Amino acid sequence: MSKIALVTGANQGLGFALAEGLARRLGPGDVVYLTGRDAARVARARERVSGAKADVRAHLLDVGDADAVEEFARELRNRHGGVDVVFSNHYLRTVPQDVPAEVIDAYVDVNNLGTTRMTRAFLPVLRQGGRFVVVSSSLGRLRELPEGLRGRFDGARTPEEVDAIMLAWRDAVREGRAAAEGWPGFINIPSKVGQVAAVRALARQRRADDLAHDRLLVAVCPGMIDTASSRPWFDMTGAQTPEQAAVALLDLALEPGFDPRLYGELVRFGRVLSWS
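Numbering that gives the first Met the number 0 numbers the first residue of the sequence shown as 0 and each following residue consecutively.
Next comes the structure, spelled out in structure tokens:
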């Protein structure tokens, strides 16, 4: 059976490296969907793919549009019978000059609600042996939050509960209450914790069935990558290229079998990062 793969946020950076890497490592008859929310940029990215063995198809997908995400999942189920690899990699870029209250609505909608939209739509069509990988960060650990906030995420049992926490945080940022409530000023931290918490909540629901069918749901930290998203925030000394960072993620998604201890966890270079 042909393998079907999908990458969100794939027109540049790590997303493009993942899509190109999948296209090179999969074979004839397999399909890689290179997706993003700007049709022209997605089309240009498709033209830049080199060395592809699999069929690479550009597809417009805005993870902020729940109907579009659900429709694409139905399309892949009807066309291919499901999907084998999903890299949920989309990210709304910010810069230090941005005012958090002015960008927080779009930031949460894409980076957090977009993640749960993807899991809600595509996990049900993930075939046996499938891999669903949420690209996150080592900042997505409870240790990055003040102790008083950790229980909100650690106690969340469903992705809907996590979404509610993220929306409450969004409102606090928008209304200028976040600092008084103890939230970090760097909005990337609560957002990444929310991503990992959503994966962990889903894993509680799905673990037994997924492991019985060789399906992996996991959040990953790819390590520091020299990209346009990272440069304004971090020192890039020693940072990986997107192509270098993609290798460990592609290995996780494509190599047969996996350590069940990775299931539902945040993983960096094949090792679990402690949640707490």
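For each residue, glycine too, the CB sits at the ideal point set by N, CA and C. Bear in mind that the values here come from a model prediction, so they are computed numbers and not experimental data.
Per DSSP, what kind of secondary structure is ASP209 in: helix, strand or coil? It is helical.
Tell me the DSSP bridge mates of SER87? For SER87, which the question treats as bridged, DSSP gives the partners VAL133.
Within 10 Å of its beta-carbon, does PRO123 have 16 or more other beta-carbons around it, so buried, or fewer, so exposed? PRO123 is exposed by the Cβ-count criterion.
Are the CB atoms of ALA57 and ARG47 nearer to each other than 8 Å? ARG47 sits away from ALA57, with the two beta carbons spaced by 8 Å or more.
Rounded separation between ASP37 and LEU59 - CA only: Cα to Cα, the separation comes out at about 7 Å.
Can you tell me the Cα-Cα spacing of ARG126 and VAL85, whole angstroms? Using only the alpha carbons, I get a separation of about 11 Å.
Which full runs of the beta strand (DSSP E) of 3+ residues lie inside the region 101-172, going along the chain? DSSP runs (the beta strand (DSSP E)) wholly in the region 101-172: 125-134.
First and last residue of the uninterrupted beta strand (DSSP E) at GLY12: Careful: GLY12 lies outside any beta strand (DSSP E), inside the alpha helix (DSSP H) at 12-24.
Quick one: residues in its chain with C-beta nearer than 7 Å to the C-beta of PRO259, no 5 flanking neighbours on either side, listed in chain order? Contacts found: LEU210.
Enclosing alpha helix (DSSP H) for ARG43 [first to last residue]: Note, ARG43: alpha helix (DSSP H), 38-47.
Per DSSP, cross-strand counterpart(s) of VAL94: In DSSP, VAL94 forms no bridge with anything.
According to DSSP, GLN243 sits in a beta bridge with which residue or residues? Looking at the DSSP output, GLN243 shares a beta bridge with no other residue.
Please state whether DSSP places LEU272 in a helix, a strand or coil. Strand, per DSSP.
Are VAL68 and ALA18 touching if we call contact CB-CB under 8 Å? Not in contact: VAL68 and ALA18 (Cβ atoms no closer than 8 Å).
Determine the extent of the alpha helix (DSSP H) in which LEU261 is found, giving its start and end residues. Run containing LEU261: none; DSSP gives neither H nor E here.
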